[in-house]
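In what follows, a single structure is set out as structure tokens and then discussed.
Number of protein chains: 4
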Amino acid sequence: MAEVFHPNIPIYLQLIESVKRKIVSGELSPGQRLPSVRDLAQTYEVNPNTAQRALAELEREGLVYSERTAGRFITNDGGLIEMTRTELAKEQIENFITEMQRLGFTNEQLLQELEQKLKKEERQDERK
Amino acid sequence: MAEVFHPNIPIYLQLIESVKRKIVSGELSPGQRLPSVRDLAQTYEVNPNTAQRALAELEREGLVYSERTAGRFITNDGGLIEMTRTELAKEQIENFITEMQRLGFTNEQLLQELEQKLKKEERQDERK
Amino acid sequence: MAEVFHPNIPIYLQLIESVKRKIVSGELSPGQRLPSVRDLAQTYEVNPNTAQRALAELEREGLVYSERTAGRFITNDGGLIEMTRTELAKEQIENFITEMQRLGFTNEQLLQELEQKLKKEERQDERK
Amino acid sequence: MAEVFHPNIPIYLQLIESVKRKIVSGELSPGQRLPSVRDLAQTYEVNPNTAQRALAELEREGLVYSERTAGRFITNDGGLIEMTRTELAKEQIENFITEMQRLGFTNEQLLQELEQKLKKEERQDERK
DNA sequence: GTGGTCTAGACCACC
DNA sequence: GTGGTCTAGACCACA
Numbered sequence: 001m002a003e004v005f006h007p008n009i010p011i012y013l014q015l016i017e018s019v020k021r022k023i024v025s026g027e028l029s030p031g032q033r034l035p036s037v038r039d040l041a042q043t044y045e046v047n048p049n050t051a052q053r054a055l056a057e058l059e060r061e062g063l064v065y066s067e068r069t070a071g072r073f074i075t076n077d078g079g080l081i082e083m084t085r086t087e088l089a090k091e092q093i094e095n096f097i098t099e100m101q102r103l104g105f106t107n108e109q110l111l112q113e114l115e116q117k118l119k120k121e122e123r124q125d126e127r128k
Numbered sequence: 001m002a003e004v005f006h007p008n009i010p011i012y013l014q015l016i017e018s019v020k021r022k023i024v025s026g027e028l029s030p031g032q033r034l035p036s037v038r039d040l041a042q043t044y045e046v047n048p049n050t051a052q053r054a055l056a057e058l059e060r061e062g063l064v065y066s067e068r069t070a071g072r073f074i075t076n077d078g079g080l081i082e083m084t085r086t087e088l089a090k091e092q093i094e095n096f097i098t099e100m101q102r103l104g105f106t107n108e109q110l111l112q113e114l115e116q117k118l119k120k121e122e123r124q125d126e127r128k
Numbered sequence: 001m002a003e004v005f006h007p008n009i010p011i012y013l014q015l016i017e018s019v020k021r022k023i024v025s026g027e028l029s030p031g032q033r034l035p036s037v038r039d040l041a042q043t044y045e046v047n048p049n050t051a052q053r054a055l056a057e058l059e060r061e062g063l064v065y066s067e068r069t070a071g072r073f074i075t076n077d078g079g080l081i082e083m084t085r086t087e088l089a090k091e092q093i094e095n096f097i098t099e100m101q102r103l104g105f106t107n108e109q110l111l112q113e114l115e116q117k118l119k120k121e122e123r124q125d126e127r128k
Numbered sequence: 001m002a003e004v005f006h007p008n009i010p011i012y013l014q015l016i017e018s019v020k021r022k023i024v025s026g027e028l029s030p031g032q033r034l035p036s037v038r039d040l041a042q043t044y045e046v047n048p049n050t051a052q053r054a055l056a057e058l059e060r061e062g063l064v065y066s067e068r069t070a071g072r073f074i075t076n077d078g079g080l081i082e083m084t085r086t087e088l089a090k091e092q093i094e095n096f097i098t099e100m101q102r103l104g105f106t107n108e109q110l111l112q113e114l115e116q117k118l119k120k121e122e123r124q125d126e127r128k
């Protein structure tokens with residue numbers, strides 16, 4: 001079944017995000033072949049132009065490269081993947097800080113709460 | 001102006017979230033009157049029934065109370081608001097941890113990254 | 001505003017019940033004049049025939065008597081009122097027993113629960 | 001065949017009561033499947049939305065749980081059922097006391113009358 | 001087929 | 001005007 005997209009955010013950007021995450025999480029490995037634009041469009045139930053635009057952008061960022069006739073592949077540039085990973089993490093972190101501040105937490109408090117939660121998790125893991 | 005809703009998440013739940021956040025963040029103060037069901041429905045461009053459902057749920061949770069003909073008001077129970085704030089924070093924290101782990105960060109790493117980011121923020125604030 | 005009647009129970013019976021209760025509870029005193037059929041019908045928003053039927057029945061039971069031109073009056077027969085009171089009480093008691101048995105209570109249990117509740121009530125009264 | 005509802009009491013509340021009673025009285029057993037929303041609505045001659053609302057509320061109280069495509073089932077939590085039974089009994093008792101007091105009975109008297117009635121019932125049972 | 005959500009529009013009681 | 005209830009009918013995901 002198709003993923004569902006957020007309204008008010010361009011679909012091609014969401015598509016890029018989706019593929020990026022699969023790359024940095026290792027779900028898609030370096031050198032692996034991507035489905036064709038047509039297939040991608042069908043999978044995501046999206047206009048082929050939209051899929052094309054997303055892939056072009058990923059290519060521009062270097063995460064994907066195309067070989068004329070063979071199709072598109074995930075980059076082998078581990079450093080770039082790592083950079084992308086860092087970038088996505090940065091977004092998560094900034095978003096987290098923003099949301100916690102909206103809830104009235106100071107930086108010290110949110111850090112403290114996070115540490116507590118992590119400690120609690122570890123304790124549960126030990127029990128298992 | 002209408003807010004836009006996420007697809008595949010019930011609108012009434014998103015409405016609840018939206019109002020909850022405004023309450024815990026202080027944007028809506030205890031005792032303050034909420035817009036009427038009809039106004040809220042119009043603001044969010046949603047059916048009055050859907051708005052009614054969301055408000056009824058908030059009332060069930062005690063964050064809001066209704067006075068027959070006068071309208072709905074934010075609870076004066078500061079403790080409850082505080083509890084809700086804690087709960088929302090917990091969700092943010094858990095979500096943050098999950099997302100960072102999906103990106104391949106260990107607990108130590110994500111904590112470290114967060115601390116760095118916070119320190120950087122502080123330095124920027126000092127410069128201003 | 002008009003009382004509201006249960007469906008599926010003849011309205012005139014409900015009217016009779018309503019007046020009976022007012023008599024035995026003392027809300028209507030012996031010898032007191034009742035409103036005219038026409039007024040009663042209007043008060044209860046009921047067809048005058050229905051009100052007439054109810055009053056006729058109350059008269060048959062002796063709780064009400066009519067003086068040709070002066071109207072209808074509550075009986076002065078204290079004994080009869082007392083009997084009616086007993087009868088209504090009997091209905092309440094039977095209904096109570098039935099309902100409690102439906103909930104799976106034995107006679108001993110329902111008696112015990114009732115006693116406990118009454119004791120609790122008394123204790124609260126003493127505190128005041 | 002359709003049940004008939006009291007006027008001026010929300011139908012969905014009466015629906016809830018009706019199902020609750022069937023659960024606590026054992027007419028509906030733990031784990032047993034309930035009719036579908038649509039069937040219930042038809043049985044009670046009520047809009048599906050209204051039936052849905054009642055069932056959702058029962059679910060919120062934990063007396064019922066739903067399995068996506070299979071239907072709704074009575075909870076297996078005997079303790080909860082017991083609690084509900086106690087609660088319903090409490091309502092019956094309070095209502096009984098109120099009504100008897102309205103008829104001018106003191107607590108001692110109403111207790112006495114109830115005991116007499118129960119003894120009379122037992123004697124009748126023995127004769128059979 | 002199931003539960004769940006949503007809209008459109010109506011009616012009511014309260015004041 | 002307010003909140004609250006109800007109906008009629010639609011659409012969706014799940015399996």
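In the order they appear, the protein sequences are chains E, A, D and C. Numbered per full-length UniProt numbering, the first sequence spans residues 1 to 128. Numbered per full-length UniProt numbering, the second sequence spans residues 1 to 128. Numbered per full-length UniProt numbering, the third sequence spans residues 1 to 128. Numbered per full-length UniProt numbering, the fourth sequence spans residues 1 to 128. Ideal placement from N, C-alpha and C gives every residue a C-beta, glycine not left out.
Look at R60/C here: in three-state DSSP terms it is helix.
When the alpha-carbon of L55/E is set against those of L118/E, T98/E, V19/E, the nearest one is in V19/E.
The continuous alpha helix (DSSP H) containing R102/C extends over residues 78 to 102.
R68/E carries a coil assignment under DSSP once its states are collapsed to helix, strand and coil. Interface criterion not met: the Cβ of K120/D is under 8 angstroms from no Cβ in chain C. For N76/C, the closest of R33/C, R68/C, Q109/C by C-alpha to C-alpha distance is R33/C. Close CB contacts of R53/D within its chain, under the 7 angstroms cut and outside five residues either way in sequence, are with Y12 (chain order). Between G31/A and the set M100/A, Y65/A, G79/A, the nearest pair of CA atoms involves Y65/A.
In chain order, G62 place their CB closer than 6 angstroms to the CB of L80/C, counting only its own chain and leaving out the 5 sequence neighbours on each side. Among the residues facing chain E, M100/A is included, as its CB has a counterpart in that chain under 8 angstroms away. When the five nearest sequence neighbours on each side are left out, the beta carbons in the same chain lying within less than 7 angstroms of the beta carbon of R38/E are those of P48, in order along the chain. Taking C-alpha positions only, E45/A is separated from P10/A by approximately 14 angstroms. Inclusion of L28/E and I74/E in the CB contact set at 8 angstroms is warranted, their separation being smaller than that value. When C-beta distances to chain D are compared with 8 angstroms, the residues of the region 24 to 35 of chain C below that value are V24, S25, G26, in chain order. Residue contact check for N107/D against chain C: a CB pair falls below 8 angstroms. Residue-level contact by beta carbon holds for G104/D and chain C, with a gap shorter than 8 angstroms. One alpha carbon belongs to L88/A, the other to P7/A, and they sit about 21 angstroms apart. In the assembly as shown, R72/C is a buried residue. Its beta-carbon has 16 or more other beta-carbons within 10 Å. In the three-state DSSP reduction, I11/C falls in the helix class (H, G or I). For V37/C, the enclosing alpha helix (DSSP H) starts and ends at 37 to 43.
By the Cβ neighbour-count rule, E99/A is buried, with 16 or more other Cβ atoms within 10 Å of its own. Residues of chain D whose Cβ lies closer than 7 angstroms to the Cβ of F96/C are, in chain order, Q92, F96.
At a C-beta separation below 9 angstroms, E115/E has these neighbours in chain A: L111. Here A51/E is buried, its C-beta having at least 16 other C-beta atoms within 10 Å.
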